[in-house]
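Please read the structure below before turning to the comments.
In the numbering used here, the protein residues as written are -11 to 325.
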């Protein structure tokens, strides 16, 4: 059990069971509508399963095992439960004929079997996955920052909305989000590991966007691992909020401008994954058959947890927990759904 849970000696949820569920729906509905309007996104239906072997499923950090099975009526082909829809969305934008400046979003539900469980991590993942077509000229840091700012503004509006409904849930987000590169953060705190740096910078500014994640920094290490074939490591980042209730940083969103041919080849070489070049998705990028896009995922349960002042993600989503978690949450008066 994470230390963040054990510190909640006097924890008392500000909302009861029924209030929590009403608030979750209100929070999600308001955020989703505002996000769609701000980023010009159309909601679409998305798969929870994909055919294996096509390079479509998200490899995340490259080590997580997918949940898979064979299907009798598909000649026992390998079918995988999605880990995210980072690659599927880009293909969908192309196939559905979306134009520059238009995008889509969807409810993404995933199972991540290798997740280490704590107050912020569950085997079950729910997020808004979004993707938008951009021009070649828009593949730059300015575009990335503009989209981050739009998302952050939606987040602050949603926080105010929740406060109006439940006055006891006080707003705590700063007016502006702070931008910093991962190598700058390493330079400031060279004796800290990446998660410690996130805690320090998030506590200092309240809300930060850490840019350029995945590639090696001057130390030779990366701030965090990223799959080499969806985000351009020089044009991506994470939205991270400071969460006083748990006294730690909370990553709300990972997002970025997607790889073009040059970035894909470079990142596959760095990660020693050049064998992926033969996969259908990668061939589509290398042959210039997919649009330039920006996109990401925004955690639904984490958003609700943050705005509703919950001590554990299991208070806003139903999942499966080990006995140690169940026992510790009961001891600390944390009601898991």
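Just so it is clear, CB atoms sit at the ideal spot from N, CA and C, and this is done for glycine as well.
Distance, residue j Cα to residue i Cα
i	j	result
residue 151	residue 11	11 angstroms
residue 27	residue 138	7 angstroms
residue 186	residue 64	44 angstroms
residue 326	residue 273	The first residue shown for the chain is -11 and the last is 325, placing residue 326 beyond what the model contains.
residue 235	residue 258	35 angstroms
residue 233	residue 297	7 angstroms
residue 317	residue 113	20 angstroms
residue 124	residue 117	22 angstroms
Buried/exposed call for residue i, threshold 16 Cβ in 10 Å
i	result
residue -9	At residue -9, the pLDDT of 45 sits below 50, so the modelled position is not reliable and the matter cannot be decided from this model.
residue 158	exposed
residue 164	exposed
residue 217	buried
residue -6	With a pLDDT of 45 at residue -6, under the threshold of 50, the predicted position of this residue should be treated as unreliable, and no value is reported.
residue 315	exposed
residue 207	exposed
Proximal residues to residue i (C-beta, below 6 angstroms), its chain only, five neighbours per side dropped
i	result
residue 311	none
residue 227	197, 240 and 241
Same chain, Cβ closer than 8 angstroms to residue i, five either side skipped, listed in chain order
i	result
residue 37	67, 68, 69 and 70
residue 111	99, 100, 101, 103, 105, 307 and 308
Pick from the options that is closest to residue i, judged by C-alpha positions
i	options	result
residue 85	202, 120 and 112	120
residue 246	257, 281 and 236	281
residue 108	228, 252 and 238	238
residue 249	276, 173 and 183	276
residue 199	262, 255 and 133	133
residue 77	260, 233, 293 and 219	219
residue 74	256, 93 and 210	93
residue 295	221, 261, 147 and 19	147
CB-CB length for residue i against residue j, believed under 8 angstroms
i	j	result
residue 88	residue 122	6 angstroms
residue 32	residue 98	About 17 angstroms; that fails the 8 angstroms criterion.
residue 184	residue 2	Not a contact, Cβ separation roughly 29 angstroms.
Cut-off 7 angstroms between Cβ atoms - residues of its own chain near residue i, not counting five sequence neighbours on either side
i	result
residue 191	230
residue 309	105, 302 and 324
residue 162	193, 194 and 195
residue -4	Caution is warranted here: a pLDDT of 49 is assigned to residue -4, below 50, making its placement in the model unreliable, and the coordinate value is therefore given only provisionally. For residue -4, where only same-chain residues beyond five positions count, the Cβ hits under 7 angstroms are 299, 320 and 322.
residue 265	256 and 274
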